[in-house]
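Have a look at the structure below, then the notes.
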Amino acid sequence: MTPPVDEYPTRSNGSVELLDRRHPVVYPSVHGHGGGWPLSTEDVERFDRDGFVVVDRLVDAATVEALREEVTRLATDAAVAESGRVVREPGGDAVRSVFEVHAVSRLVAEVVTDAGVVGMAEQLLGSPVYVHQSRVNRKPAFAGKGFAWHSDFETWHAEDGMPTPRAVSLSLALTANYWHNGSLMIVPGSHRVFVPTAGETPEDHYRQSLRRQEVGVPSEEALAALVARGGGGGDDGGGADGGGVAVVTGEPGSAVLFDANAMHGSTENMTPFPRTNLFVVYNSVDNRLVGPFAARAPRPEFVASRRFDPVVPVGR
Ligand code: 6CS
Ligand code: FE
Numbered sequence: 030m031t032p033p034v035d036e037y038p039t040r041s042n043g044s045v046e047l048l049d050r051r052h053p054v055v056y057p058s059v060h061g062h063g064g065g066w067p068l069s070t071e072d073v074e075r076f077d078r079d080g081f082v083v084v085d086r087l088v089d090a091a092t093v094e095a096l097r098e099e100v101t102r103l104a105t106d107a108a109v110a111e112s113g114r115v116v117r118e119p120g121g122d123a124v125r126s127v128f129e130v131h132a133v134s135r136l137v138a139e140v141v142t143d144a145g146v147v148g149m150a151e152q153l154l155g156s157p158v159y160v161h162q163s164r165v166n167r168k169p170a171f172a173g174k175g176f177a178w179h180s181d182f183e184t185w186h187a188e189d190g191m192p193t194p195r196a197v198s199l200s201l202a203l204t205a206n207y208w209h210n211g212s213l214m215i216v217p218g219s220h221r222v223f224v225p226t227a228g229e230t231p232e233d234h235y236r237q238s239l240r241r242q243e244v245g246v247p248s249e250e251a252l253a254a255l256v257a258r259g260g261g262g263g264d265d266g267g268g269a270d271g272g273g274v275a276v277v278t279g280e281p282g283s284a285v286l287f288d289a290n291a292m293h294g295s296t297e298n299m300t301p302f303p304r305t306n307l308f309v310v311y312n313s314v315d316n317r318l319v320g321p322f323a324a325r326a327p328r329p330e331f332v333a334s335r336r337f338d339p340v341v342p343v344g345r
């Protein structure tokens, strides 16, 4: 069998020239669907242009409250910890992330399969989707640590064998996401540029990268170039050419959908307000994983699923 063509080479010691994205951001959504799609035309256009779109009031207050309790349970459950799904902060025992939460929580599974939720991913990706990864990220008051700038797709391509960026992340706020408590920062328009990174993938890299990522991150020059696009200043200019830095804020129950290749990161949380989000990554069933493009072995199932069965939307 001939190996698949690598259209997004990365993790080499060679060229780290920026590449234009070779694939669409939004795919036509016609796939066997009778009713209307959840996102408006403006939402879809915004996602296409900026690489992300905010959805207010996606989940009701009672469900958010129940999810918050569920997250506390998952973060402290001995059996979940035993299963290897829990990632702790560097140099401490504090729980940073819990992975594959939809497999260990019925409540999370209900949210992930809800037609109004999964429908947004199907609408953007133009196909049925499956769950590539799910996790909760906790940033406790005064203590939560940040995430270095990165494109998720760069990691998923290199380490998981995701061929193209036909995947979307949903981040659901379970506590208020303020501009100051470690919320998601995204460079608008960056999803249209692939930033190869320098350096080989170390063995079992995920053990390190999920705590503090150092390989698979863009150079400072590359990041500066993405932010400078559109000629604006440091804040998100909201222009068609992108550039600047957008901070995604929202009430509990609000969500942001962002493209697999959007350049993003977040700061630590030094405020008295905890910041907890549920992340779900939907990948198109037409973009199923092959072997890693730049790593010796695939990552474990709980970080990168190889069960490609489409999500069956509930309540459609
Ligand atoms: O490893 C992952 O799948 C995700 N986590 C990190 C820290 N970087 C890449 C991606 O967002
Ligand atoms: Fe990420």
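Here the sequence shown stands for residues 30 to 345, numbered as in our numbering. For every residue, glycine included, the Cβ atom is placed at its ideal position computed from N, Cα and C.
Expected contact under 8 Å - CB spacing of residue i and residue j to nearest Å
i	j	result
residue 170	residue 281	Wrong, their Cβ atoms sit about 15 Å apart, outside the cutoff.
residue 76	residue 286	6 Å
residue 146	residue 87	7 Å
residue 100	residue 165	5 Å
residue 309	residue 199	5 Å
residue 190	residue 320	5 Å
Closer than 7 Å: residue i CB and nearest the ligand 6CS heavy atom
i	result
residue 238	yes
residue 230	no
residue 242	yes
residue 162	yes
residue 176	yes
residue 332	yes
residue 235	yes
Contacting residues, own chain, Cβ-Cβ under 8 Å from residue i (five flanking each side not counted)
i	result
residue 109	103, 115, 127, 133
residue 46	225
residue 262	273
residue 342	142, 143, 144, 147, 148, 151
residue 117	123, 124, 125, 240
residue 243	177, 237
Own chain, CB closer than 7 Å to residue i, minus 5 neighbours either side, in chain order
i	result
residue 314	156, 157, 158, 159, 337, 339
residue 66	58, 148, 152
residue 269	78
residue 258	218, 270, 271, 272
residue 51	36
Residue i beta carbon near the ligand FE (any heavy atom closer than 7 Å)
i	result
residue 181	yes
residue 293	yes
Residue i CB to nearest heavy atom of the ligand FMN below 7 Å
i	result
residue 185	Judged by which ligands are present, the ligand FMN is missing from the structure shown, whose ligands are the ligand 6CS and the ligand FE.
Sequence-distant residues of its chain with Cβ nearer than 6 Å to residue i (five each side left out)
i	result
residue 85	283
residue 208	276, 278
residue 264	273
residue 252	178
With three or more beta-carbon pairs closer than 8 Å as the criterion, would you say the stretch 209-220 touches the stretch 269-287?
yes
Taking three-plus beta-carbon pairs below 8 Å as touching, is the stretch 314-333 in contact with the stretch 227-237?
yes
Could you tell me which uninterrupted beta strand (DSSP E) segments, each at least 3 residues in length, are contained entirely in the stretch 249-290, listed from first to last along the chain?
284-288
Unbroken beta strand (DSSP E) runs of length 3 or more, entirely within the stretch 161-235: which are they?
176-180, 196-202, 213-215
Between the stretch 178-189 and the stretch 287-296, can you find at least three pairs of beta-carbon atoms closer than 8 Å?
yes
Taking the runs of the beta strand (DSSP E) that are 3 residues or longer, which of them lie wholly in the stretch 105-169?
115-117, 124-128, 158-168
Residue ranges of each beta strand (DSSP E) within the stretch 36-98, 3 or longer:
81-84
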